[in-house]
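Below you'll find the structure, written out as structure tokens, and then a few comments.
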Amino acid sequence: MASASLDILNSAPGYVLKNARVPIVCLPTVLTDDLIGRSHEGLAEADIVVEDGKIAAIVVAGMGTAPAGGLPMIDMRGGQVWPTFVDMHTHIDKGHIWERSRNPTGDFEGALLTVRADREANWTREDIEARMEFSLRSAYAHGTSLLRTHIDSLPPHHKLTWPLFREMRERWKGRVDLQAVCLMPVEATRDADYFEALIDEVAASGGLIGGHPDMGPELESDLDRLLRAAMDRGLDIDFHIDETRDPGARTLRAVADAVIRNGFEGKVVAGHCCSLARQESDEAARTIDRVVEAGIGVVSLPMCNMYLQDRFAGCTPRWRGVTLFQELRSAGGDVAVASDNTRDPFYAYGDLDPVEVFREAVRILHLDHPLDEAAKVVTTSPAKMLRRPDSGVLAVGGPADMVLFSARFWSEFLSRPQADRMVLRSGRPIDRTLPDYRDLDPVAGIA
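According to UniProt numbering, the residues represented by the sequence shown are 1 to 447, in order.
Have a look at this one:
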């Protein structure tokens, strides 16, 4: 972007981003009627008026001069403008341990065992804080403004991680809004003293109940116990479900049945749901219908799932590892995608960059042809599931929290990593410098 435009962004009390292309799905319905006639592939041609850190108007391109009152103009030349991102499923408490604890097999079991050993050996307050801080610096630089993390919550670590989460949430307030979910085996709820203490901690933190339910004779009673606790405390739920290639893993159906059976009215999110794609079509369809009836939202983690699932040494994978995303969406279910793990034994790569997640999701899940509504999977859809409809949207009167791209068309957007993007918070550019991996050397055990 030209230096004159940067001067305007950094100092002018108001300005107009003219000739921008905006994903229609990221606009309130009240605005789309006027803009849809000037759109192609779901991208509306618009002028965006910013005043005093807020979006003052979004109008059809070429109309920005009328309401702008002589404000300076920045010509986007057709570049896309998005709201800041919503990353609804992450694990920032275990991120960035790869260099000290590598997954020896690259599969799910290897990840579980490696993380368990690392947690017992290395997780101190200083260690977790350093890695969480690094993760949030990366997410913020990439343009994320709302992030949900799952927190390993088996004893005694829950007494360490939850107070630290509260501190991190306060520290990052106004930059990245944080939500947290407790993560433990659902059968751990059978330990009444532990579960009550954990729920106290979660409720005091404004968190969510989570966990990973597994098939077994006590699954129904375990789910009922967890749902009753959530109802008693007014807490929402976010599960890890069926992260396996085994078609016999059908806890998603069991969760949907439990939600309906208990009359649970809070928000329920199911992450992964990999085995759904391994089941017979009629069986999967029955589960999908039940999920939609229960109002369960599903978040797919395409990069992590493709990394872990269907991995056998010396064999080429024959399955991408992901859930039936399009079938869930077609049935009327809420669906989204997210980062999941970052540089840990569950996923050796990643940087909490929703642009990367979106790009890979389009390819892995076939969200193209058409791409008209694809942008919602990292913006409005996860915002809805996180009870934050004010996030992931460009709304008149709302904060001018936006991500500016030079890419004009979808092919341009999806063909490069968009490293030249500009992130605006309250209408001003932020410092997008990513943290140096060397900052983690003390906790990674690198001399």
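Glycine is no exception: its CB is placed at the ideal position from the N, C-alpha and C atoms.
query, result
"Please name the residue, chosen from E220, V357 and M184, that lies closest to H158 on a Cα-to-Cα basis.", "M184"
"By Cβ distance, which residues of its chain are closer than 7 angstroms to M132, with the 5 residues on each side in sequence left out?", "I92, D93 and M168"
"Got a sec, what are the start and stop residues for the beta strand (DSSP E) Q179 sits in?", "D177 to L183"
"For L9, which residues from the same chain have a beta carbon less than 6 angstroms from its beta carbon, with the 5 sequence-adjacent residues on both sides left out?", "P429"
"Can you give me the Cβ contacts of L136 inside the same chain, cut-off strictly under 6 angstroms, excluding the 5 residues immediately before and after it?", "W172 and V176"
"Rounded to the nearest angstrom, what separates P155 and I260 at their Cα positions?", "31 angstroms"
"Could you tell me how far apart the beta carbons of E41 and L371 are, in whole angstroms, since I believe they sit closer than 8 angstroms?", "6 angstroms"
"Go ahead and pull the three-state DSSP assignment for G211.", "strand"
"Go ahead and label I36 buried or exposed: buried means 16 or more other beta carbons lie within 10 angstroms of its beta carbon, across all protein chains shown.", "exposed"
"Report buried or exposed for H89, applying the criterion of at least 16 other Cβ atoms within 10 angstroms of its Cβ.", "buried"
"Just curious, the alpha helix (DSSP H) that S5 is in, first and last residue?", "S3 to S11"
"Ignoring anything shorter than 4 residues or poking outside the region 215–283, list the alpha helix (DSSP H) runs there in chain order.", "219–233 and 251–262"
"Going by DSSP, what residues sit across from K159 in a beta bridge?", "Per DSSP, none; premise fails for K159."
"Do you know whose CA, among D441, G427 and D436, lies nearest G53's CA?", "G427"
"Could you work out which residue in D232, F108 and L164 is closest to W123 when comparing CA atoms only?", "L164"
"Is it the case that the Cβ atoms of L404 and R421 are separated by a distance below 8 angstroms?", "yes"
"Any contact of the region 247–262 with the region 214–234, i.e. 3+ C-beta pairs under 8 angstroms?", "yes"
"Taking DSSP's pairing of strands, which residues face V403 in a bridge?", "W82 and V423"
"Going by the beta-carbon positions, is the gap between L352 and H142 smaller than 8 angstroms?", "yes"
"Hey, out of D75, T84 and R228, whose CA is closest to S3's CA?", "D75"
"Starting from the N-terminal side, write out each stretch of the beta strand (DSSP E) that is 3 residues or longer and does not extend beyond the region 91–131.", "none"
"If we ignore side chains and look at the alpha-carbon of each, how far apart do D87 and L386 end up?", "10 angstroms"
"Give the secondary structure of G321 by DSSP, where H, G and I count as helix, E and B as strand, and everything else as coil.", "coil"
"Could you compute how far the alpha carbon of A66 sits from the alpha carbon of V59?", "With a pLDDT of 48 at A66, under the threshold of 50, the predicted position of this residue should be treated as unreliable, though the coordinate-derived value follows. Approximately 10 angstroms between the Cα atoms of the pair."
"Would DSSP call M63 helix, strand or coil?", "coil"
"Considering only DSSP beta bridges, list what E45 is partnered with.", "R21"
"Please tell me whether S153 and L198 are closer than 8 angstroms, where the distance is taken between their beta carbons.", "yes"
"Could you spell out the range, first to last residue, of the alpha helix (DSSP H) harbouring R148?", "No alpha helix (DSSP H) holds R148; the beta strand (DSSP E) holding it covers T144 to D152."
"So, at 8 angstroms on beta carbons, what are the nonlocal neighbours of A229 in its own chain, with the 5 sequence-adjacent residues on each side left out?", "T189, F195, I199, I209 and L235"
"Is the Cβ-Cβ distance between M306 and I364 less than 8 angstroms?", "yes"
"Using 8 angstroms as the threshold, is the region 270–278 in touch with the region 295–302, meaning 3 or more CB pairs across them?", "yes"
"In chain order, what are the residue ranges of uninterrupted beta strand (DSSP E) at least 3 long that sit wholly in the region 299–365?", "335–337"
"Taking all protein chains shown into account, do 16 or more other C-beta atoms lie within 10 angstroms of the C-beta of Y140, making it buried, or fewer, making it exposed?", "buried"
"Are the beta-carbon atoms belonging to R250 and D310 less than 8 angstroms from one another?", "no"
"Should C304 and N341 be called a contact, given that it needs their Cβ atoms to be closer than 8 angstroms?", "yes"
"Can you tell me whether D334 is buried or exposed? The criterion is at least 16 other CB atoms within 10 Å of its CB, across all chains shown.", "buried"
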